[in-house]
Amino acid sequence: MRIRLGYVAIALGISQGSPNKTTTVFNLNKIKDKKDQLSKLRRLAEENLATQLRVLRYNAAHHIQVFRITSQLIPLATHPIAFDWDYCEDFRSELLAIGDIVKRHGMRVSAHPDHFTILNSPLPHVVEAALADLRYHVNLFESMELGPETKLVLHVGGLYKDKGQSTERFKVIFQQLPETIRERIIIENDDKSYTAKDVLTLCQEIKAPMVLDVHHDYCCNEGIHLEEILPEIFATWGSGIPKIHFSSARDNANKRAHADHIAVDEFLKFLNIAKICNRDFDVMIEAKEKDLALFSLMEKLKEMSEVKIINEAELEY
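With the first letter of the sequence shown counted as 1, position 76 gets the number 73 in our numbering; the numbers rise by one all the way through.
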C-alpha cells in the first residue's frame, strides 16, 4: 500500500504560513464607506492568496501532495456585505496560479466548509446559508480550474431529536443540489452523532464517497470495529483513491480534542487494519502542529522496519 500524508490549511514550517487572515462584520462596520469596506476585504484576500501560493510551493518542495485549503481564503465572501463583489474576477490570475501549481505537482486538494454548513437543518434559512457557502467553495475551485476531483468534506449535520428523519432530510437536499456542487461532496463521520456505520450506509445510498475520520470513530462508535466496515468505506470511492482523516486525542479527559502530534502506535494500528483492503489511500493529518506533525510522524516511521519511506510525505506499508 502506498500512503500519502497531508495536513490542514496552515504551514507552521514557514514564516507567516497562514492564509486565514480575516475580519469580523462588527469591525468591518466600523468603516462607514462601502467601498472602503470592500477595499479592506480585498487587501485581506490578496494577502491570503499570496500566502496560499507560498504554502503550496513549500508543500511541493517537501513532496506533500495532500492538502486542505482554508475556507477563509476570501474573507466574508458569503456575507451580504460582499454580495456585489466578484472576487473570482478580481483575483483571476492569483486563483489560476494556485490551480496551476496544484495540477503541475499532482496535488490532491480539498476544503472542509465550516460547521455552520448544515444541509439537514429543518430551518430553510440555515440550508440556504449552507448552499451559499458551498457555492463559494465551488466558485473558487472552478476559478482555479480544478475539476470535480477537488472535493468538499461535509458532515451529515444535526440529529434534531430524530436521526432517521434528519438523515432522510440530508438525502433529499443532497439530491436537489446542482450537479456542480453534488459531484464534489464527500461525507465524514463525526465525533458525537453520526457514526462511521451511519455515514457508510448513507454514502452507499446516495453514491457519495465517504471520508473515514479514525479519531471520530474512536469518539463515536456503537460497537462496530473498523475491520468490519473499512473495505466497504474504501469501496465508496470506486476506482478513486480513498482518503481518511487521522488525529490523536489530546488526553483522556477530553478525548475529542486533537493532540499536537500523531501517536505513531495508533497510526501503525490503523495501517495494519487497512492491510485487509490492500489499496493505496491518502491521509489528512488533523494535528495541531500541522505540517510539523506530518514530518514528526514520518521521522518516527523511519524507525519501523515494516515501513518503506518513499519521500518526506509518502510511504509504503
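C-beta: ideal position from N, C-alpha, C; glycine also.
For residue j and residue i, believed in contact at Cβ under 8 Å, the rounded distance
i, j, result
"K305", "E296", "Incorrect: roughly 15 Å between the Cβ atoms, too far for contact."
"A290", "H258", "5 Å"
Proximity to residue i [Cα-Cα], best of the options
i, options, result
"E268", "R89, A74, M301 and A290", "Per the sequence shown, residue 268 should be read as Leu rather than Glu. Ranking R89, A74, M301 and A290 by Cα distance to L268 puts M301 first."
"I66", "N45, P77, H76 and L73", "N45"
"I356", "F278, K272, N251 and V124", "A query on residue 356 cannot be resolved here, the shown segment of the chain reaching from -2 to 314 and no further."
"F138", "C85, G155 and P119", "C85"
"K32", "W82, K272 and T75", "W82"
"L298", "Q13, R132, D262 and E185", "D262"
"R253", "S12, D188, A74 and A127", "D188"
"S68", "V123, G161 and N136", "N136"
Exposure of residue i, with buried meaning 16 or more beta-carbon neighbours within 10 Å
i, result
"R1", "buried"
"P16", "buried"
"T21", "exposed"
"S163", "buried"
"F23", "exposed"
"K287", "buried"
"A58", "exposed"
"M207", "buried"
"I221", "exposed"
"S118", "buried"
"L120", "exposed"
"F243", "buried"
C-alpha gap between residue i and residue j, whole angstroms
i, j, result
"K168", "R101", "36 Å"
"N249", "M281", "23 Å"
"R166", "E43", "38 Å"
"S245", "D214", "11 Å"
"H76", "S140", "20 Å"
"V63", "V99", "10 Å"
"A108", "I226", "25 Å"
"G347", "I28", "Any question about residue 347 goes unanswered here, given that the chain covers just -2 to 314."
"E202", "Q13", "43 Å"
"L70", "I170", "26 Å"
C-beta neighbour in chain B for residue i, strict 8 Å
i, result
"E185", "Among the chains of the structure shown, chain B does not appear; only one protein chain is present."
- Query: Three or more C-beta pairs closer than 8 Å, one from the segment 138 to 158 and one from the segment 166 to 184: is that the case here?
  - Reply: Using a Cβ-Cβ distance cut-off of 8 Å, the segment 138 to 158 and the segment 166 to 184 are in contact, since at least three pairs of beta carbons, one from each stretch, lie closer than that value.
- Query: Counting pairs of Cβ atoms below 8 Å between the segment 90 to 97 and the segment 153 to 163, do you hit three or more?
  - Reply: Counting C-beta pairs closer than 8 Å gives fewer than three between the segment 90 to 97 and the segment 153 to 163, which falls short of the contact rule.
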